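Participant: In my numbering, the protein residues as written are 31 to 446.
Cβ coordinates follow ideal geometry from the N, Cα and C atoms, glycine included.
Nothing here was measured: the structure is a model prediction, and the numbers come from that model.
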């Protein structure tokens, strides 16, 4: 700019001298050229200055979010590069701690019960008496194998007031997949499947074949359905004068015309003892089986949910009365079918039930039981099998018993 000021003054003097014919025209043209050159130099300098200012502003790296610095990777004097060159240089790591994200590993058997939006409760060792509320936002599709178990990462958003949760804290996550209040529930230990019902029958001293036959013929329908069916058919029984028969499960049925309770009882005893049935007895039992199946098919939804009450606990003789139970629980397979042993007329009988939610200790019963039923809690099938195997090995080693044990049993008082 000083050169421009000098060229401007020189041009004014040359112009005055030129008009007074003191200098030739060539000197005047030279002064005008010097002035134009000085103006161009000023414009170029201003452009360079603006470019330098822009470059200086680019040296200020602004955080993309407002948060807390977690790590600083660059120090004073470190040469950094932009993301367009080799992926850039990481200067620092920052995070918004108002809401943190947690990754929980869920077993593949349970991940199908989880959906985005489900609430969760998170606890950390730093605050053992405080619970943090979270929400499932995503289930990652890529599995991880942890100690030979297939797990799926589940991402949760957790509000973090006061920034109490820190990066790297170990968490315990409970995802609430369902909730029931005032429903009928029984202990999970009372449940049996079709495969292990025979071993459970052996523990109770029942004939496994007879128990399986009762389940196959539907002879152990829910008590509520039996009662309603009995009231509904009372008028018909009185009108026809048909004979009645009580099954081993405690269910009272109407016998076909011409069939007496003594005939049915004799046929049942012959079958249980392994004797051959006559064609007439086989036809009679087949007719009764068909009647059982028709009754079971028409008795839908027996045993509605019970009212509020304490959870069913162990009762006398290993039994427990079914009771209401509320609270959050992990979602079980809705509509799953199980078998429990309930006391009917003082005798244990197998009862098919349908279940709902479970919290791993108790399970909701949607049909099959009433609040007045007493359910037996039995040892697991694996424990029964292990005891049988141990007893068999013991007998093989001792030759069938301890020395002198058989003699004591033979000398003892006979059972009456």
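Which partner residues of residue 133 appear in the DSSP bridge assignment?
Facilitator: Paired residue(s): 185.
Participant: Who pairs with residue 153 in a beta bridge, going by DSSP?
Facilitator: BP columns for residue 153 point to 202.
Participant: Tell me, to the nearest whole angstrom, how far the beta carbon of residue 195 is from that of residue 188; I am working on the premise that it is less than 8 Å.
Facilitator: With a Cβ gap of about 7 Å, residue 195 and residue 188 count as contacting.
Participant: Indicate whether the contact test is met: 3 or more Cβ pairs, each with one atom in the segment 232–241 and one in the segment 393–410, closer than 8 Å.
Facilitator: A contact exists between the segment 232–241 and the segment 393–410.
Participant: In three-state DSSP terms, what is residue 170?
Facilitator: Coil at residue 170, not helix or strand.
Participant: Give the DSSP-derived three-state secondary structure of residue 165 in the structure shown.
Facilitator: Three-state result, residue 165: strand.
Participant: Among 393, 109, 374, 291, which residue has its Cα nearest to the Cα of residue 366?
Facilitator: Among 393, 109, 374, 291, the Cα nearest to that of residue 366 is on 393.
Participant: Spatial neighbours of residue 228 within its chain, please: CB distance less than 6 Å, with the 5 preceding and 5 following residues excluded, ordered by chain position.
Facilitator: Result list for residue 228: 238, in chain order.
Participant: Assuming residue 135 and residue 199 are in contact, meaning their beta carbons sit under 8 Å apart, how far apart are those beta carbons, in whole angstroms?
Facilitator: That belief does not hold up - the Cβ atoms of residue 135 and residue 199 are roughly 15 Å apart, past 8 Å.
Participant: Measuring alpha carbon to alpha carbon, tell me which residue in 98, 97, 140, 207 is nearest residue 149.
Facilitator: Nearest of 98, 97, 140, 207 to residue 149, Cα basis: 207.
Participant: Does the segment 160–169 touch the segment 209–223, meaning 3 or more C-beta pairs lie closer than 8 Å?
Facilitator: No, because fewer than three Cβ pairs between the segment 209–223 and the segment 160–169 fall closer than 8 Å, the two stretches do not touch.
Participant: Taking 8 Å as the threshold (C-beta atoms), are residue 315 and residue 297 in contact?
Facilitator: Result yes, Cβ atoms of residue 297 and residue 315 sit closer than 8 Å.
Participant: Whose C-beta lies closer than 8 Å to the C-beta of residue 40 among residues of the same chain, with five residues either side of it excluded?
Facilitator: For residue 40, where only same-chain residues beyond five positions count, the Cβ hits under 8 Å are 61, 64, 65.
Participant: How many angstroms separate the CA atom of residue 165 from the CA atom of residue 99?
Facilitator: Spanning the two alpha carbons is a distance of roughly 25 Å.
Participant: When you compare the CB positions of residue 388 and residue 396, do they come within less than 8 Å of one another, or not?
Facilitator: No, they are not a contact pair.
Participant: Would residue 43 be called buried (16 or more neighbouring beta carbons within 10 Å of its own) or exposed?
Facilitator: Its Cβ having fewer than 16 others within 10 Å, residue 43 is exposed.
Participant: Return the residue from the list 101, 123, 89, 116 that minimises the CA-CA distance to residue 107.
Facilitator: Minimum Cα distance to residue 107 is reached at 89.
Participant: Measure the C-alpha to C-alpha separation of residue 221 and residue 245 and round it to an integer number of angstroms.
Facilitator: So the two alpha carbons sit approximately 15 Å from each other.
Participant: Please say whether residue 378 and residue 371 have beta carbons closer to each other than 8 Å?
Facilitator: Against a cut-off of 8 Å, the Cβ pair of residue 378 and residue 371 comes out as a contact.
Participant: For the beta strand (DSSP E) containing residue 209, list its first residue and its last residue.
Facilitator: Segment 208–217, the beta strand (DSSP E) holding residue 209.
Participant: Consult DSSP for residue 385 and reduce its assignment to one of helix, strand or coil.
Facilitator: It is a strand residue.
Participant: Please report the Cβ distance between residue 170 and residue 185, rounded to the nearest whole angstrom; I am assuming they are in contact, meaning their Cβ atoms lie under 8 Å.
Facilitator: With a Cβ gap of about 7 Å, residue 170 and residue 185 count as contacting.
Participant: Closest to residue 168 by C-alpha separation, out of 223, 290, 205, 121, would be which residue?
Facilitator: If we check each option's Cα against that of residue 168, 205 comes out closest.
Participant: When the Cα of residue 243 is compared with those of 143, 381, 291, which residue comes out closest?
Facilitator: Residue 381 is the option with its Cα nearest to residue 243.
Participant: Please state the DSSP three-state secondary structure of residue 158.
Facilitator: Three-state result, residue 158: strand.
Participant: Judging by CA-CA distance, which residue of 317, 183, 145, 300 is the nearest neighbour of residue 240?
Facilitator: Of 317, 183, 145, 300, the residue nearest in Cα terms is 300.
Participant: Using a Cβ-Cβ cutoff of less than 7 Å, which residues in the same chain neighbour residue 38 once the five nearest sequence positions on both sides are dropped?
Facilitator: These residues qualify, in order along the chain: 65.
Participant: Are the beta-carbon atoms belonging to residue 147 and residue 124 less than 8 Å from one another?
Facilitator: Their beta carbons are not under 8 Å apart, which means residue 147 does not touch residue 124 by this criterion.
Participant: Note the first and the last residue of the continuous beta strand (DSSP E) segment covering residue 2.
Facilitator: What the structure shows of the chain is the stretch from 31 to 446, and residue 2 is not part of that stretch, so it cannot be assessed.
Participant: Taking the DSSP output, what are the residues bridged to residue 148?
Facilitator: The partner list for residue 148 (beta bridge, DSSP) is empty, contrary to what the question assumes.
Participant: Can you tell which of 86, 111, 34 has the C-alpha that lies nearest to the C-alpha of residue 73?
Facilitator: Looking at the Cα atoms, 34 is the closest of the given residues.
Participant: DSSP has residue 101 in a bridge; who is on the other side?
Facilitator: In the DSSP output, where bridge partners are listed per residue, residue 101 has 123.
Participant: Counting only the same chain and skipping the five closest in sequence on each side, list residues whose C-beta sits under 7 Å from that of residue 268.
Facilitator: Unreliable positioning characterises residue 268 in this predicted model, as indicated by a pLDDT of 45, which lies under 50. A coordinate reading is not provided.
Participant: Out of 313, 127, 183, which one is the CA nearest neighbour of residue 141?
Facilitator: Ranking the options by Cα distance to residue 141, first place goes to 183.
Participant: Between the Cα of residue 113 and the Cα atoms of 129, 91, 288, which residue gives the shortest distance?
Facilitator: Considering only alpha carbons, the answer is 91.
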